[in-house]
Amino acid sequence: MPISELINAKVRKIGIKQSTRALLEDQVEKVFIAKNAEQHVIRRIVNLATEKNVEIVYVSTMHEIGSACQIDVGAATAVIIKE
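Using the numbering used here, read the sequence shown as starting at 95 and increasing by one per residue.
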């Protein structure tokens, strides 16, 4: 299951701002995006990931990403940082 990669990641960034910054700095190995996140919120992440040839994994809910990252709230995006 792909979400297990996020759970077991040594270094990850959570949320739109941190994910965007990591993508702009070419630090991202994989992007996780919640399917229930609003499109205008995730559009830039999708475009950056596509432009930089970073794999995108769609997850059912924001809550699922939040739980995988061990936070109490949902998150629209999370990224695994390259080692």
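Ideal Cβ placement from N, Cα and C applies to all residues, glycine included. All of these numbers come straight from a predicted model, not from anything done at the bench.
ask   = If we count the other Cβ atoms within 10 Å of its Cβ and call it buried at 16 or more, is LYS104 buried or exposed?
value = By 1-based counting over the sequence shown, the position of residue 104 is 10. The residue in question, LYS104, is exposed, as its Cβ has fewer than 16 Cβ neighbours within 10 Å.
message = Below 8 Å, how does it come out for the region 141 to 149 and the region 157 to 167: are there three or more Cβ pairs, yes or no?
response = no
Distance between beta carbons of GLU99 and LYS124, contact taken as under 8 Å = Position 30 of the sequence shown holds residue 124. Position 5 of the sequence shown holds residue 99. Contact flag correct, Cβ pair sits at about 7 Å.
Buried/exposed call for ARG106, threshold 16 Cβ in 10 Å = Here residue 106 corresponds to residue number 12 of the sequence shown, with the count starting at 1. By the 10 Å Cβ count, ARG106 comes out buried.
ask   = Which residues in the same chain as ILE175 place their Cβ atom closer than 7 Å to its Cβ, once the five residues preceding and following it in sequence are excluded?
value = Start at 1 with the first residue of the sequence shown, and residue 175 comes out as number 81. VAL105, ARG106, LYS107, ALA116, GLN121, VAL122, GLU123, listed in sequence order.
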